[in-house]
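So the structure is just underneath, and the comments pick up after that.
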Amino acid sequence: MSARFEELDWQDTRMGELTLRRRADPSTGEQIYEVKLKDEYLMSSLFTVAEEELATLGLAAATGDDLRVLVGGLGLGYTAATARADARVGSITVIDALPAVIGWHERELLPVSAQLVRDERVSLVNDDFFAVVRRAPDVGDELYDAILLDVDHSPRHTLDPSHADLYTAAGLASLARHLADGGIFALWSDDPPDADFLSTLSSVFDDATAHVVDFANRLTGGTSSNTVYVAARRMRAGGPTLDGPSNEGVTVSPGAEHAEPHRIPEPGEPSVPEIEVDETIAPRPEEEVADVARAEPDVDDHSPSAG
């Protein structure tokens with residue numbers, strides 16, 4: 000294994016082999032943290048703007064002080080870290096299904112771990128986010144002012160088939176029960192805006208919006224894009240409606256209608272041209288990081304004997 004590549008943790012989880020790795024960027028020496036689940040790259044500290052903007056966009060739509068925030072998916076911790084930087088936030092509950100991920104932060108293995116575990120407002124909870132939001136809140140349970148979700152790649156590309164029901168009208172209505180009136184639901188996606196999902200989102204929530212951005216990709220030299228959906232919970236006097244898909248109230252940010260699926264340019268292919276956007280967001284670089292790994296034969300994948 001390369002001297003500039005270090006495996007920090009490997010565990011066999013219910014979802015497959017989970018690996019946390021650290022390597023040095025060959026050109027800058029920057030320490031880069033990467034997470035793999037089985038053979039799939041989930042995230043890299045090279046690309047954290049997506050996670051940060053999920054919190055920024057979601058909380059920008061929230062009103063009031065002493066905000067109660069629920070984060071679905073801990074990962075490298077950048078969504079929660081950005082949320083805690085908002086002075087209006089009073090508490091943050093972060094749910095992750097994998098104890099190993101919570102353990103990384105409790106051991107302070109990642110760049111933002113210390114600020115999370117040492118902040119009394121932040122609670123890291125090992126649970127199934129999707130099971131939690133399926134259940135109706137009990138009387139006296141805390142309702143949240145914002146729910147920020149970054150677990151699946153997109154509503155159509157889930158890490159586990161059991162997650163798919165969340166992205167239906169019934170699933171979204173179930174999640175909405177955990178929000179206070181006017182509370183915000185924000186969702187990260189690696190895909191371009193999905194018109195069908197936006198319609199479903201707007202059938203349950205108000206002011207459904209897809210924020211689309213393009214940004215320079217450091218690995219490919221081209222341009223990549225993400226989507227962050229933001230929507231507000233309806234007041235309980237009327238209750239969430241399940242009348243079926245409707246385009247009423249759906250807003251797509253400028254450039255959304257031209258967004259292309261994220262992909263890696265072929266060798267010699269020109270980079271995707273810059274498109275003006277409303278925010279700066281970065282994607283999970285599963286394919287890009289895999290390309291880098293393939294280009295570096297001295298970086299070996301994990302083998303059971305190395306665990």
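Numbering (numbering that gives the first Met the number 0), first residue to last: 0 to 306. Using N, Cα and C, we set each Cβ at its ideal position, and we do this for glycine too. Keep in mind it's a predicted model, so treat the numbers as computed, not measured.
Does the separation of the CB atoms of residue i and residue j fall below 8 Å?
i	j	result
Q30	A80	no
I91	R120	yes
F128	I94	yes
G89	R106	no
A175	V203	yes
V70	T78	yes
L310	Y143	Because the chain is modelled from 0 through 306, residue 310 falls outside the range shown and cannot be assessed.
D307	G72	No answer is possible for residue 307: it lies beyond the span of the chain, which begins at 0 and ends at 306.
Just to confirm my understanding: we take residue i, look at its own chain, exclude 5 residues before and 5 after, and list those with CB closer than 7 Å. What are they?
i	result
D64	R87
L200	L171, A207, Y228 and A230
L109	Y32, L75, G76 and W103
S173	V132 and R133
E141	R67
Looking only at its own chain, which residues have a Cβ that is under 6 Å from the Cβ of residue i, when we skip the five neighbours before and after it?
i	result
E259	Here the model assigns E259 a pLDDT of 36, short of 50, so the residue's position is not dependable and the matter cannot be decided.
H162	F129 and D151
L7	L19, R21 and L108
A82	A54, V68, V88 and I91
P98	N125
D195	none
Kindly give me the distance between the Cβ atoms of residue i and residue j, rounded to whole angstroms, as I take these residues to be in contact under 8 Å.
i	j	result
L41	V48	No, L41 and V48 are not in contact; Cβ-Cβ is about 16 Å, not under 8 Å.
D190	T226	6 Å
P154	S188	7 Å
N125	I146	Actually they do not touch by this definition, with Cβ atoms about 18 Å apart.
A185	L197	Wrong, their Cβ atoms sit about 14 Å apart, outside the cutoff.
P192	V211	6 Å
D24	L58	About 31 Å; that fails the 8 Å criterion.
By DSSP's criteria, residue i is part of a beta bridge. Which residues make up the other side?
i	result
E5	R21
Q10	L17
A145	V68 and I183
E39	L36
N225	V212
D127	The partner list for D127 (beta bridge, DSSP) is empty, contrary to what the question assumes.
Q30	A23
F204	R232
Identify, in the order they occur along the chain, each residue of the same chain with its Cβ nearer than 8 Å to the Cβ of residue i, setting aside the five sequence neighbours on each side.
i	result
G15	L36 and K37
D205	A230, A231, R232, R233 and G248
R3	R22, A23 and P25
Are there any heavy atoms of the ligand NAD lying less than 7 Å away from the beta-carbon of residue i, as far as the coordinates show?
i	result
L19	Of the ligands one can find in the structure shown there are none, so the ligand NAD has no counterpart to examine.
Quick one: complete beta strand (DSSP E) runs, 3+ long, within the stretch 82-106?
-> As far as the stretch 82-106 is concerned, its whole beta strand (DSSP E) runs of at least 3 residues are 88-95.
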